[in-house]
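*Asks:* So that we are looking at the same thing, I have put the structure below in structure tokens.
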Amino acid sequence: MARPRRIDPLIVKRAQLTAATSTSVESLRQCQAVLLPALFGATLEQSAAVLGVGRATVARLQAAFPKHPSAVSNPARNWGGRRQFLLTLACIFHKSPEFSRPTRVCG
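So for the sequence shown, this note's numbering puts the first residue at 4; every next one is plus one.
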């Protein structure tokens, strides 16, 4: 027998709010994949039949919901680029013509 699914009440509440204001089909399906088992006790197979997707897709939708932008309060930013500078801006713009040694500005 399968183990019962743990359901987080905060995720269920967030899914209800997101479903009410959802504008995309993918977001609505994610909410339904979370809400059907939580509110009606539906299994993966029953949820898949209602949503019109496969059993594995329901599990994927459930796993993707907490990562959904509306579910994350402060999404991580993708800054890119270098994080640590070895030279200051003054040093970069006041280099000597030989590029072998910086001028006195870099000090």
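Every residue, glycine too, gets a C-beta built ideally from N, C-alpha and C.
1) Would Thr60 pass as a contact of Ala51 if the rule is Cβ separation under 8 Å?
2) Could you tell me whether the Cβ atoms of Thr46 and Cys34 are closer together than 8 Å?
3) What does a CB cutoff of less than 8 Å around Val56 pick up in its chain, not counting 5 residues either side in sequence?
4) Would you mind stating whether Ile14 and Pro69 have Cβ atoms separated by less than 8 Å?
5) Report the rounded CA-to-CA distance for Ala41 versus Ala18, giving the unit in angstroms.
6) So, using beta-carbon positions, are Leu38 and Val53 closer together than 8 Å?
7) Using the Cβ count rule (16 or more neighbours within 10 Å means buried), how would you classify Ala23?
8) Looking at the structure shown, is Ser76 part of a helix, part of a strand, or coil, going by DSSP?
9) Note the first and the last residue of the continuous alpha helix (DSSP H) segment covering Arg6.
10) Buried or exposed: Ser27, going by 16 or more other Cβ atoms within 10 Å of its Cβ?
*Replies:* Walking through what the data contain:
1) In this structure, Thr60 lies near Ala51, with their beta-carbon atoms less than 8 Å apart.
2) Cβ atoms of Thr46 and Cys34: not closer than 8 Å.
3) Cβ neighbours of Val56 beyond the five flanking positions: Arg32, Leu64.
4) Result yes, Cβ atoms of Ile14 and Pro69 sit closer than 8 Å.
5) Separation of Ala41 and Ala18 (C-alpha to C-alpha, rounded to the nearest whole angstrom) is 10 Å.
6) No, the pair does not count as a contact, with Cβ atoms beyond the cut-off.
7) The residue in question, Ala23, is exposed, as its Cβ has fewer than 16 Cβ neighbours within 10 Å.
8) Note that Ser76 has pLDDT 48, beneath the 50 cutoff, so the model's placement of it is unreliable and no number is given.
9) Careful: Arg6 lies outside any alpha helix (DSSP H) and carries neither H nor E.
10) A residue is called buried when at least 16 other Cβ atoms come within 10 angstroms of its Cβ; Ser27 does not meet this threshold and is exposed.
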